[in-house]
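Undergrad: Have a look at the structure that comes next, please.
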Amino acid sequence: MRGFLRTAVWLYRRSGGKLGGKMFGAPVLLLTTTGRKSGRSWTVPLMYQTDGDRWVIIASNGGSARHPAWWLNLRSQPDASVQIGRQTYLVTAVETAGEDRERLWRQMADMYKGYDGYARKTTRQIPVVVLQRR
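Position one of the sequence shown corresponds to residue 87 (my numbering), numbered consecutively onward.
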């Protein structure tokens, strides 16, 4: 899986998002976090949507019982960066709650039907995360 992700990130960066900029018809950004244990930078491609001037991502990990590593990194260090196309932005990650979470979950699940299936597959509440520009 790491090899696939590295290749996807490389293609996205080389093409400015022309290759790898869509997944299941949804737009993709590159999220770069700081490893909570290693201190190294880690980049992953994620589907997203906009909500005003924020970007919304889902920490689904395919419905696994465990959170994805990138979310654990953001909980430890919420400052990160995103690349959308050829543009890079510094962001701060915030987990949503309550009505905001439910509204954004529905928006994301309407875009990609797999999210509802992931939620049924796991007992954890899947985080809905907003990335705000710094």
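Think of the CB as a built atom: it goes at the ideal place given N, C-alpha and C, for glycine as much as any other residue.
Which residues mark the beginning and the end of the beta strand (DSSP E) in which residue 118 is found?
TA: Per DSSP, residue 118 belongs to the beta strand (DSSP E) from 112-120.
Undergrad: Which of the three DSSP states, helix, strand or coil, is assigned to residue 202?
TA: Three-state result, residue 202: helix.
Undergrad: Quick one: residues in its chain with C-beta nearer than 6 Å to the C-beta of residue 105, no 5 flanking neighbours on either side, listed in chain order?
TA: Contacts found: 97.
Undergrad: On a Cα-Cα basis, can you pick out the residue from 167, 108, 207 that is closest to residue 151?
TA: Answer by Cα proximity: 207.
Undergrad: For residue 134, tell me which candidate among 203, 191, 166, 204 has the shortest Cα-Cα distance.
TA: It is 191.
Undergrad: The alpha helix (DSSP H) spanning residue 98 covers which residue range?
TA: Note, residue 98: alpha helix (DSSP H), 88-101.
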